[in-house]
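Counting in the numbering used here, the sequence shown runs from 1 upward without gaps.
Heads up: the structure comes next, in structure tokens.
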Amino acid sequence: MIHPTAMVSPKAELGREVRIGPGAIVEAGTVLGDRCEVRAYAVIAAGTRMGPGNRIGYGAVLGAEPQDLSWDGSPSRVVLGEGNVIREHVTIHRGAKPETETRIGDGNYLMVGCHVGHNCVVGDRTIIVNHVLLAGYVQVGDRAFLGGGSVFHQHVRIGELAMVRGGIRIGMDVPPFLMAVDENEVCGVNRVGLRRAGFSEEVRRRLEDAYRVLYESGRNVSQALEEMERRWPDDGEVRRMIAFIRGSRRGICMPRRRRRRSAPEAEGSVTPS
């Protein structure tokens with residue numbers, strides 16, 4: 001069903017049972033799969049392609065021009081898989097280079113006000129909470145959880161099933177299965193997320209052992225990776241962690257530092273007794 005006030009280009013390709021709400025705009029050259037829903041005042045800009053069953057919230061904008069001064073107006077794309085929920089006022093920008101794309105996988109939940117910059121790649125079944133900001137070329141692994149208001153530097157990678165606390169800045173890669181709790185700092189394995197994802201207690205303990213080798217054994221990163229390879233040569237999860245770290249260009253987040261108390265706290269003048 002298409003609302004009479006919606007503006008849908010005759011050059012847009014719509015699947016079966018597509019619903020388009022009041023005031024929505026669907027430009028030429030877009031592709032909407034079966035059972036997609038575009039709610040009121042959302043914009044699906046040229047070059048956006050989505051599979052079946054996507055729900056686009058009120059006022060969301062998909063496929064707008066990239067915020068990159070090098071963009072020369074060449075065609076590029078936003079590509080969504082199937083079954084994604086894109087809530088109100090989310091913005092997803094298309095690729096900044098000719099014929100490149102920003103890609104969202106399957107079954108993701110992007111909450112109110114998130115921004116996905118040009119050429120980002122988001123995997124499957126992620127949860128990206130309100131007002132998360134992904135700069136250009138960020139990669140988010142499958143089933144990662146990004147807390148509300150967290151912001152990510154260009155080219156950062158977030159590993160699968162990693163969890164990032166809300167309201168923090170991330171400028172280095174977050175390895176798979178770990179929790180980022182402060183700026184470029186991790187504090188252990190995402191045990192709750194792993195359990196909810198169906199990973200056994202044995203696997204969770206093995207990943208905790210790998211974390212200790214990586215961060216708490218006194219080895220540098222290269223030495224730690226060699227030790228992890230020696231101890232777990234056939235373990236799929238550990239091997240994926242190793243491969244992720246070896247592929248890092250920005251470096252990986254380090255363990256959380258123990259902070260000193262501030263002077264007023266140390267003197268007891270601020271903290272109540």
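Backbone N, C-alpha and C define an ideal beta-carbon position, used for all residues, glycine too.
Note that this is a predicted model, so its numbers are computed, not measured.
Asked: Ordered list of beta strand (DSSP E) runs contained in the region 174-208, each at least 3 residues; Found: 178-182, 185-189
Asked: Reference Arg125; option with closest CA among Ala96, Glu65, Ala162, Gly117; Found: Ala162
Asked: Burial state of Ser74, where buried means 16 or more other Cβ atoms lie within 10 Å; Found: exposed
Asked: Where Ala60 falls: helix, strand or coil (DSSP); Found: coil
Asked: Identified DSSP bridge partners for Arg103; Found: Val79, Val121
Asked: Asn54 beta carbon less than 8 Å from that of Leu80; Found: yes
Asked: Three-state secondary structure (DSSP) of Tyr109; Found: strand
Asked: Beta-carbon proximity of Leu178 to Tyr211, cut-off 8 Å; Found: yes
Asked: Pairwise C-alpha distance: Gly107 and Arg256; Found: 32 Å
Asked: DSSP state of Ile242 mapped onto helix, strand, coil; Found: helix
Asked: Own chain, CB closer than 6 Å to Gly167, minus 5 neighbours either side, in chain order; Found: Gly149
Asked: Best match in Arg143, Gln154, Gly123 for proximity to Leu133 [C-alpha to C-alpha]; Found: Gln154
Asked: Top-ranked residue by Cα proximity to Ser222, from Met111, Val90, Tyr58, Phe244; Found: Phe244
Asked: Trp71 beta carbon less than 8 Å from that of Ala96; Found: yes
Asked: Classification of Val192 by the beta-carbon crowding that lies within 10 angstroms, buried from 16 upward; Found: exposed
Asked: First through last residue of the beta strand (DSSP E) which encompasses Arg275; Found: No statement about residue 275 is possible, as the shown extent of the chain runs from 1 to 273 and does not include it.
Asked: Residue range of the alpha helix (DSSP H) that includes Met228; Found: 221-231
Asked: Whole-number beta carbon distance between Met241 and Glu185, since they are thought to touch under 8 Å; Found: No, Glu185 and Met241 are not in contact; Cβ-Cβ is about 17 Å, not under 8 Å.
Asked: Asp173 and Val151 closer than 8 Å at C-beta; Found: no
Asked: Rounded straight-line distance, which links the Cα of Ala24 to that of Pro4; Found: 10 Å
Asked: His93 - containing beta strand (DSSP E), residue span; Found: 91-93
Asked: Val277 and Tyr58 closer than 8 Å at C-beta; Found: Any question about residue 277 goes unanswered here, given that the chain covers just 1 to 273.
Asked: Outcome for Arg205 when other beta-carbon atoms lying within 10 angstroms are tallied against a minimum of 16; Found: exposed
Asked: Own chain partners of Glu101 with C-beta closer than 6 Å, once the 5 adjacent residues on each side are dropped; Found: Arg77, Val79, Gly95
Asked: Distance between beta carbons of Glu88 and Ala45, contact taken as under 8 Å; Found: The Cβ separation is near 17 Å, so there is no contact.
Asked: Distance between beta carbons of Gly113 and His131, contact taken as under 8 Å; Found: 4 Å
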